[in-house]
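A.B. asks: Shown below is the structure under consideration.
Protein chains: 2
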Amino acid sequence: MVRKVTIKDVAALAQTSVTTVSLILNNKGDRFSAATIARVKAARERLQYEPDYFAQNMINKETKTIAVLVPDINNPFFSQFIQGVEEIAYQFDFIPLIYSAGVHNQKVDHYLKELVRRNVDGFILAVPHLQKTTLDSYLQKRQIPFILLDQSDKQHVGDEITVADTQGGELAARYLIEQGHHKVGIVLPQQRAWNIEQRSIGYQAAMLRAQLPVADDWQITTPLTKLGGYQVAQQVIDSGVTAVFAVNDELAIGLIRGLCELRVRVPEDISVIGYDNIDWCEYITPKLTTIKQPIFELGQEATRLLLNRIADPTIAPQQKVLSIELVERESVQVIHH
Amino acid sequence: MVRKVTIKDVAALAQTSVTTVSLILNNKGDRFSAATIARVKAARERLQYEPDYFAQNMINKETKTIAVLVPDINNPFFSQFIQGVEEIAYQFDFIPLIYSAGVHNQKVDHYLKELVRRNVDGFILAVPHLQKTTLDSYLQKRQIPFILLDQSDKQHVGDEITVADTQGGELAARYLIEQGHHKVGIVLPQQRAWNIEQRSIGYQAAMLRAQLPVADDWQITTPLTKLGGYQVAQQVIDSGVTAVFAVNDELAIGLIRGLCELRVRVPEDISVIGYDNIDWCEYITPKLTTIKQPIFELGQEATRLLLNRIADPTIAPQQKVLSIELVERESVQVIHH
Numbered sequence: 050m051v052r053k054v055t056i057k058d059v060a061a062l063a064q065t066s067v068t069t070v071s072l073i074l075n076n077k078g079d080r081f082s083a084a085t086i087a088r089v090k091a092a093r094e095r096l097q098y099e100p101d102y103f104a105q106n107m108i109n110k111e112t113k114t115i116a117v118l119v120p121d122i123n124n125p126f127f128s129q130f131i132q133g134v135e136e137i138a139y140q141f142d143f144i145p146l147i148y149s150a151g152v153h154n155q156k157v158d159h160y161l162k163e164l165v166r167r168n169v170d171g172f173i174l175a176v177p178h179l180q181k182t183t184l185d186s187y188l189q190k191r192q193i194p195f196i197l198l199d200q201s202d203k204q205h206v207g208d209e210i211t212v213a214d215t216q217g218g219e220l221a222a223r224y225l226i227e228q229g230h231h232k233v234g235i236v237l238p239q240q241r242a243w244n245i246e247q248r249s250i251g252y253q254a255a256m257l258r259a260q261l262p263v264a265d266d267w268q269i270t271t272p273l274t275k276l277g278g279y280q281v282a283q284q285v286i287d288s289g290v291t292a293v294f295a296v297n298d299e300l301a302i303g304l305i306r307g308l309c310e311l312r313v314r315v316p317e318d319i320s321v322i323g324y325d326n327i328d329w330c331e332y333i334t335p336k337l338t339t340i341k342q343p344i345f346e347l348g349q350e351a352t353r354l355l356l357n358r359i360a361d362p363t364i365a366p367q368q369k370v371l372s373i374e375l376v377e378r379e380s381v382q383v384i385h386h
Numbered sequence: 050m051v052r053k054v055t056i057k058d059v060a061a062l063a064q065t066s067v068t069t070v071s072l073i074l075n076n077k078g079d080r081f082s083a084a085t086i087a088r089v090k091a092a093r094e095r096l097q098y099e100p101d102y103f104a105q106n107m108i109n110k111e112t113k114t115i116a117v118l119v120p121d122i123n124n125p126f127f128s129q130f131i132q133g134v135e136e137i138a139y140q141f142d143f144i145p146l147i148y149s150a151g152v153h154n155q156k157v158d159h160y161l162k163e164l165v166r167r168n169v170d171g172f173i174l175a176v177p178h179l180q181k182t183t184l185d186s187y188l189q190k191r192q193i194p195f196i197l198l199d200q201s202d203k204q205h206v207g208d209e210i211t212v213a214d215t216q217g218g219e220l221a222a223r224y225l226i227e228q229g230h231h232k233v234g235i236v237l238p239q240q241r242a243w244n245i246e247q248r249s250i251g252y253q254a255a256m257l258r259a260q261l262p263v264a265d266d267w268q269i270t271t272p273l274t275k276l277g278g279y280q281v282a283q284q285v286i287d288s289g290v291t292a293v294f295a296v297n298d299e300l301a302i303g304l305i306r307g308l309c310e311l312r313v314r315v316p317e318d319i320s321v322i323g324y325d326n327i328d329w330c331e332y333i334t335p336k337l338t339t340i341k342q343p344i345f346e347l348g349q350e351a352t353r354l355l356l357n358r359i360a361d362p363t364i365a366p367q368q369k370v371l372s373i374e375l376v377e378r379e380s381v382q383v384i385h386h
C-alpha cells in the first residue's frame, strides 16, 4: 500500500513545524518570512502533498459545496434545471451535490440532516410541500443559506426564485380561447405544489375573463406523470372539451399518446397545450405547443442567488421572478364557430 | 446567532474530559465505566449535541459517501440508472453524490480530484473513454474503490459491471432479419464508447451469419442524441435500407420524428429498432420496439458491488454481466418477399 504523504512529511522536508505548514498552506501564513513560505511551498510541490480535506475544513469551516434537492431526477424538467445549476457552480468552483428526494419527499429529512452535518454551504430546495418546521429546525436555526424554488409562501421572507406561473396558466388558457375553443379543460394533480396551483388559478382567471363557464368534469385530476396523462384520456374525451391545458409537458405527452390509442386525433379532434417546454416536445407527433419556462436559466439564477447569499449573509432578501412565453407547435387547432 | 453546542459543553455537563466524550460518542469508549458512559450520553441528549461531521471524520476516516459520475444527467438512461443507485445507497445509509461530467468528459478530472480530497468512500464511473492514467493517478494509487460501468478494458482487472451488449446488438439485427429485412442499416456515433462498439459488433455478426452484405452507406454516424437521430433521417432514406438499428432509444426516437416530417411512415416504409428501453418508448407514436437493458437493476447492482468492495477491500475482483431482452412494440414491420 502506498503510504499517503502527510503534513508531517512536508514539515520535515521544509525543516519547520506542522503548525507553520498548516497555516501557510491555508493562506494564513502572513507572519512568516518569505523564505519559510517558499521552503514550505517547495516541499509541498516536491512531495505532491494534497492537504487532507477534513483537516483543512476544520480550519476554514467552508466546504465550497451546495446541495440541490429535487423531487425526481428522472423528470426532464429537473435534469435540465440541474444542468443550469452545474454550469454556474462549476464557474465559481463550487461542487453541487444533487439529490432526488423521491416524489413523496420521503428522503427530504434524511438528506437535510446528513448534509447539515457535513457543513454544506447552502441549499437549493426544489421539492414541493416543505414544512416550515423542517426549514426552521434544520436550516434557519443554524443560519444555513437556502433558496426555495417555486414555493412562494407568505410566511417565508428569505431568498426565493419563482416563475410567473399564474401568468403562464392564463396565457395557456387564453391562447386556446383565442383559437376558438370555448370548452377548455385542465388536467392537473390532486395534491398541488404552489407553482401548479398558480397555473390553475391563471386558467380560471382566463376563463372568467372570457365569460366562459368551467364545468366540474373539465377539471381532471391525475398524477403528474406521463402515465397519469395517459390514464385520463378516456375521461378527457367523455368530458366533451375541445381543448385541454395539461399543467406540465409529461402529462400532455402521456395524454396525447392515450388519445391516439383511442383513435382521437390531436389536434383535429382535441387540442392539447402543455407547460415547461422540455426537449421532448419537438420529438413527439404532433409536436407539442406549450408554455416555455426558462428551465436552464432557472437553475443558473437559483445558483447565483445562493452564491450571493453565501458570500454575504447580510444582503437583503433576494426575490426573482422569471417570465414565461408561448411556443406554438402542432398540437392546437383553430376552431371556427 | 445561536451558538452551536460543542463537545466542550457536553464534557462540562458530564464532568469529564473532551477526549472521553469523543471516544464514547464514537463508540470507542469500552474502557470507561458504565456510569461515565451513561453520564456522557445523558449530557449529549440533554444538550441535543450533534457531533461535528469533520471532527468525527478525522477520527473514523469514513464518510459513508459514494460518488457517481455520469456523462449526462439529462439522458433518461442515466436518470433511471441513478434511481437504482439511490435506492441501494439509501438502504445501506450511504449518501450518493451525483455528477454530470459533461458529454465531452470535460469535468471528470475536476470532480475526481475534488472528491478524492473529500475522502469519498468509492466511485461508480459511468463515463466513457476514461484514461487509464486518470484512474491510476486519482484512484488506484490511493486504493480508492471504484466500479466501471460498460467500459470493459482488458488492462483493467478491478470490479466491473457490464451488459451483454454484443448479444444485444446481435439480437436487434437478427430480429429485423427474421422479420424479412435484408437491407438493415445501423445508426451510431462516430466516437464510440466500449458498450456502443459491442452493439455494433453484434450487428455485424448477425448480418454475417445471415450472409447479408453490409453496404458502406448503411452505417450512418451521428451524435448519440435525439437531434442526432433527427438529422440523419434523409440519409437513412437515401441509403435504401428497409430497417434500421439505432444504438440507443433517443437516437431512434429522433430518427422516427425526422422520418415522419419527410413523410416516410414507420414502420410501413422503414422499420426502426432502438436500444435501452427508456420509459419514453411507450409514449411516442409508433411505440418503439427496442432491446431492453435492465437500467434500474444496473444502478442497484453497481452500488452493491461497490459497497461490497468498501466493506472488504480484499475480496476477489467482481465481474457482473447483466442480460438483455427484446421488447416488441410497433416500430418494426414484417416484410414478405
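One line per chain: the protein sequences are A and B, in this order. The first sequence begins at 50 in the numbering used here and counts up one residue at a time. The second sequence begins at 50 in the numbering used here and counts up one residue at a time. Just so you know, even glycine gets a beta-carbon here, dropped at the ideal spot from N, CA and C.
CB-CB under 8 angstroms to B/S128, same chain, minus the five flanking residues each way: which ones, in chain order?
C.D. replies: The answer, listed in chain order, is I122.
A.B. asks: With a threshold of 8 angstroms between beta-carbons, can A/L161 be considered close to chain B, or not?
C.D. replies: By this cut-off, A/L161 is not an interface position.
A.B. asks: Can you find at least 3 beta carbon pairs, one from the region 250-261 of chain B and one from the region 276-291 of chain B, that sit closer than 8 angstroms?
C.D. replies: These segments do not touch.
A.B. asks: Would you mind reading off the limits of the beta strand (DSSP E) that contains B/K341?
C.D. replies: Run containing B/K341: T338 to K341, per the beta strand (DSSP E) assignment.
A.B. asks: Cβ of A/E346 less than 8 angstroms from any chain B Cβ?
C.D. replies: For A/E346, the answer is no, since every Cβ of chain B falls outside 8 angstroms of its Cβ.
A.B. asks: Once you ignore the five residues that flank B/E379 on each side, which residues in its own chain have a CB closer than 6 angstroms to its CB?
C.D. replies: Hits under 6 angstroms: P335 and K336.
A.B. asks: Check the Cβ of B/R312 against every Cβ in chain A and list those closer than 8 angstroms, keeping chain order.
C.D. replies: The contacting residues do not exist; B/R312 stays about 12 angstroms from chain A at best.
A.B. asks: Where does A/T68 land, buried or exposed, given buried means 16+ other C-beta within 10 angstroms?
C.D. replies: Per the 10 Å Cβ criterion, exposed.
A.B. asks: Just the Cα atoms here: how many angstroms apart are A/T65 and A/L96?
C.D. replies: About 15 angstroms.
A.B. asks: Sorted by chain position, which residues of the same chain lie with C-beta nearer than 6 angstroms to B/C309's C-beta, five sequence neighbours on each side aside?
C.D. replies: Counting only Cβ-Cβ distances below 6 angstroms, and skipping sequence neighbours, we find nothing.
A.B. asks: For B/A84 and A/I364, I'd like the C-alpha separation in whole angstroms.
C.D. replies: B/A84 and A/I364: Cα-Cα distance of roughly 49 angstroms.
A.B. asks: Output, in sequence order along the chain, the residues in the region 111-127 of chain B whose CB is closer than 9 angstroms to any CB in chain A.
C.D. replies: Answer in chain order: T112, K113, T114, D121, I122, N123, N124, P125 and F127.
A.B. asks: What residue range does the alpha helix (DSSP H) around A/E299 cover?
C.D. replies: Note, A/E299: alpha helix (DSSP H), D298 to E310.
A.B. asks: Identify each residue in the region 130-144 of chain A for which the Cβ-Cβ distance to at least one residue of chain B is less than 7 angstroms, and report them in chain order.
C.D. replies: Those would be I131, Q132, E135, Y139 and I144, in chain order.
A.B. asks: At a Cβ threshold of 8 angstroms, is A/R166 touching chain B?
C.D. replies: Yes, A/R166 counts as interfacial toward chain B.
A.B. asks: Taking C-beta to C-beta, are A/V296 and A/T338 nearer than 8 angstroms?
C.D. replies: Against a cut-off of 8 angstroms, the Cβ pair of A/T338 and A/V296 comes out as no contact.
A.B. asks: Measuring CA to CA, which of A/R80, A/A92, A/K156 and A/D361 is closest to A/D170?
C.D. replies: Checking every option, the nearest Cα to that of A/D170 belongs to A/D361.
A.B. asks: Return the residue from the list B/K156, B/R223, B/G307 and B/V290 that minimises the CA-CA distance to B/A264.
C.D. replies: Checking every option, the nearest Cα to that of B/A264 belongs to B/V290.
A.B. asks: Around the C-beta of B/H413, are 16 or more other C-beta atoms found within 10 angstroms, so that it is buried, or is it exposed?
C.D. replies: In this structure chain B extends from 50 to 386, so residue 413 of chain B is not present and cannot be described.
A.B. asks: Name the chain A residues whose beta carbon is nearer than 7 angstroms to that of B/E99?
C.D. replies: Per Cβ cutoff of 7 angstroms: R166.
A.B. asks: What residues from chain A crowd round B/D325, counting only those whose CB sits closer than 8 angstroms?
C.D. replies: Those do not exist, as B/D325 stays about 14 angstroms from chain A at its closest Cβ, beyond 8 angstroms.
A.B. asks: Applying the 10 Å Cβ sphere with the 16-neighbour rule, what's the burial state of A/K275?
C.D. replies: Per the 10 Å Cβ criterion, buried.
A.B. asks: Alpha carbon to alpha carbon, what distance is there between A/V176 and A/L198?
C.D. replies: Approximately 8 angstroms between the Cα atoms of the pair.
A.B. asks: Near B/E136, which residues of its chain fall below 7 angstroms by C-beta distance, leaving aside the five closest residues on each side in sequence?
C.D. replies: Around B/E136: Q349.
A.B. asks: Tell me which same chain residues have a C-beta within less than 6 angstroms of the C-beta of A/R223, skipping the five on either side of it?
C.D. replies: Closer than 6 angstroms at the Cβ level, and outside the excluded window around A/R223, lie A255.
A.B. asks: Which residues, in order along the region 289-315 of chain A, keep a beta-carbon less than 7 angstroms from a beta-carbon of chain B?
C.D. replies: Listed by position, the residues of the region 289-315 of chain A near chain B (Cβ gap below 7 angstroms) are I302, G303, R306 and C309.
A.B. asks: Could you check the C-alpha separation between A/L371 and B/F81 for me, to the nearest Å?
C.D. replies: The straight-line gap from Cα to Cα measures roughly 60 angstroms.
A.B. asks: Give the residues of chain B in contact with A/L146, contact being defined as C-beta atoms less than 7 angstroms apart.
C.D. replies: Near A/L146 (Cβ distances below 7 angstroms), the residues of chain B are L146.
A.B. asks: Are A/D325 and A/I344 closer than 8 angstroms when you measure CB to CB?
C.D. replies: Yes. Within cutoff.
A.B. asks: Going by other Cβ atoms of all chains shown within 10 Å of its Cβ, with 16 needed for buried, is B/A87 buried or exposed?
C.D. replies: B/A87 should be labelled exposed.
A.B. asks: For A/Q368, which residues from the same chain have a beta carbon less than 7 angstroms from its beta carbon, with the 5 sequence-adjacent residues on both sides left out?
C.D. replies: The residues are E209.
A.B. asks: Along chain B, in chain order, which residues have C-beta atoms closer than 8 angstroms to that of A/S380?
C.D. replies: Per Cβ cutoff of 8 angstroms: no residues; A/S380 is ~13 angstroms from chain B at best.
A.B. asks: Listing by chain order, which chain A residues have their CB less than 8 angstroms from the CB of B/D185?
C.D. replies: None at all; the shortest Cβ gap to chain A is about 11 angstroms.
A.B. asks: The beta strand (DSSP E) that contains B/A365, what's its start and end?
C.D. replies: Segment: none, B/A365 is in no beta strand (DSSP E) and carries neither H nor E.
A.B. asks: For B/T334, go through chain A and note every residue whose CB falls closer than 8 angstroms to its CB, in chain order.
C.D. replies: Those are R306, C309, I333 and T334, listed as they occur along chain A.
A.B. asks: If you reduce the DSSP assignment to three classes, tell me which class B/S288 lands in.
C.D. replies: In the structure shown, B/S288 sits in a helix (DSSP, three-state: H, G or I).
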